[in-house]
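Participant: Let me give you the structure first, and then I'll get to my questions.
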Amino acid sequence: MFKKFDEKESVSGVQQLKSSVQKGIRSKLLEQFPYLESYVDSILPKKDTFRIVKCHDHIEIIVNGAGDLLFFRHREGPWMPTLRLLHKYPFFLPWQQVDKGAIRFVLSGANIMCPGLTSPGAIMTQAPKGTVVVSFIIV
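Using UniProt numbering, you'd call the opening residue of the sequence shown number 1 and step up by one each time.
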């Protein structure tokens, strides 16, 4: 399912962002993730330099000056946080808890269906259609 990432084969270009583009991305991220507002200065400091890494298959990744991967997107879609960033700030996305019976299927890469979210042991948080959410399982 997942192909090993090889920098020489997968990366097609790296571009340092101008401050005006950084501001645009920052405002778009705040619009998309309103809970991020109080932590945006620690995630995307204004004085830091950011780069966009362009990969094959139209994937773009935001990288900070230290080389940490922060957000990615496919084509012109919504920005999505990396798992490492979600582990540091797990609260800025709405979350859905999946029941234990869905563990095997989710780990295999299946889409999460309604029965996995409405059965006992599952918790659904209200979110508008098309919103990026975090799904997790408590074992």
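Using N, Cα and C, we set each Cβ at its ideal position, and we do this for glycine too.
Are the beta-carbon atoms belonging to R51 and V11 less than 7 Å from one another?
Facilitator: For R51 and V11, no; Cβs fall outside 7 Å.
Participant: Identify, in the order they occur along the chain, each residue of the same chain with its Cβ nearer than 8 Å to the Cβ of P90, setting aside the five sequence neighbours on each side.
Facilitator: For P90, where only same-chain residues beyond five positions count, the Cβ hits under 8 Å are V134.
Participant: Among residues of its own chain, excluding the 5 on either side of Y39, which ones have a beta-carbon nearer than 8 Å to its beta-carbon?
Facilitator: Hits under 8 Å: Y89, F92.
Participant: Assuming contact is defined by CB atoms lying nearer than 7 Å, are P78 and Q22 in contact in what I supplied?
Facilitator: Not closer than 7 Å, so no.
Participant: Beta-carbon separation of I62 and Q97 under 7 Å?
Facilitator: Not a contact, by the Cβ cut-off of 7 Å.
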